[in-house]
Structures are given as structure tokens and as C-alpha cells.
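*Asks:* Residue numbers (the numbering used here): 745 to 905.
For every residue, glycine included, the Cβ atom is placed at its ideal position computed from N, Cα and C.
One structure follows; several queries about it will come next.
Given below as C-alpha cells:
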């Protein structure tokens with residue numbers, strides 16, 4: 745059976761932890777749609793178009809991965825795309841309660857879609873996009889945490905201290 749999975753997130757910016765999840769998910773599912781969530785409660789550094797471009801550049805070596813954006817409920821987008829799974833990364837126990845509640849609600853809203861939790865490699869468990877933006881702002885080298893295209897984009901985007 746060929747199964748499509750969605751990997752939603754804000755990806756502002758995409759990190760090597762995200763890429764680790766995408767790589768492993770691409771080996772488990774026939775098709776992965778990495779989808780940039782339009783979250784009105786957040787003020788992203790990168791535009792949706794910039795995030796899509798950065799993710800696309802970072803996953804170009806994975807032929808079964810595409811990149812899109814969506815707004816609204818992820819279960820509605822799953823229905824539109826025919827996805828049967830939602831990939832969510834869990835870095836630490838603190839992520840679990842929120843993600844567990846969301847998975848249960850998503851299943852209640854659309855019981856044809858299951859949430860699959862993947863943990864990133866342990867070297868990425870402390871990593872998130874906010875930390876990357878802060879490190880870069882204070883001129884720390886973030887090159888071991890994000891793909892090269894993100895390093896370049898951050899240098900152009902963020903004023904440094």
C-alpha cells in the first residue's frame with residue numbers, strides 16, 4: 745500500500761532535526777508532503793515563500809518529498825491531499841502532552857488519519873527554530889544545526905548584535 749504522510753510545521757527556519765525526521769519518514773512512507781503551516785498567532789522571521797524555498801533546497805535529494813503550505817486544520821489538508829498519516833517530531837517529554845492531545849483531536853476530527861511520532865537523532869533533541877534565530881542574532885555559528893542554505897538566509901535576514 746502506498747501511503748502519503750504530511751509533516752506540518754512552521755519551519756522558521758528548518759533545522760537539521762527537522763531534516764532528520766523528514767529523511768526517516770521518507771524511508772517509511774511512499775510520499776511525504778512537508779507543509780508550512782500558516783499560523784496567525786506567530787510572527788515568523790521568514791515568509792512562507794522563503795520557508796518553502798529553504799525546505800525545498802534542503803530536501804531536493806529526496807525524490808518522494810514535496811513542499812507546500814496550508815492554512816486551517818491539518819486534518820482537512822490531509823483529506824485534500826489524500827494523506828493517511830501526520831508526522832510529528834518529539835524532542836523531549838515536554839513535547840508529548842501537547843502532541844498527544846493534538847493527535848487525539850485530529851483523529852476525532854478525521855479518523856482516517858493517524859499521527860506518527862518520530863524522535864530526532866539524540867544530537868538534535870535540544871534543537872528548535874527559536875534557538876537557531878537567537879544564536880544567529882548573537883553571531884554564534886549555527887552551521888552544524890541547519891542546512892547551508894539556511895545559514896546563508898539567516899545571515900542576510902537577521903541583524904546581528
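(1) Can you find the residues in the same chain that come closer than 6 Å, C-beta to C-beta, to residue 810, ignoring five residues on each side of it along the sequence?
(2) From residue 799 to residue 840, what distance separates their C-alpha atoms?
(3) Around the Cβ of residue 762, are there at least 16 other Cβ atoms within 10 angstroms (buried) or fewer (exposed)?
(4) Using only the alpha-carbon positions, how far apart do residue 888 and residue 766 sit?
(5) So residue 894 packs on residue 796, CB below 8 Å; how close in whole Å?
(6) Give me, in chain order, the residues of the same chain whose beta-carbon lies closer than 6 Å to that of residue 885; leave out the 5 immediate sequence neighbours on both sides.
(7) Grab the span of the beta strand (DSSP E) containing residue 811 for me, first residue to last.
(8) Would you kindly report the start and end of the unbroken beta strand (DSSP E) that includes residue 862?
*Replies:* Checking against the coordinates, here is how it stands:
(1) 777
(2) 25 Å
(3) buried
(4) 17 Å
(5) Residue 894 to residue 796, Cβ: 13 Å. No contact.
(6) none
(7) 809-814
(8) 858-862
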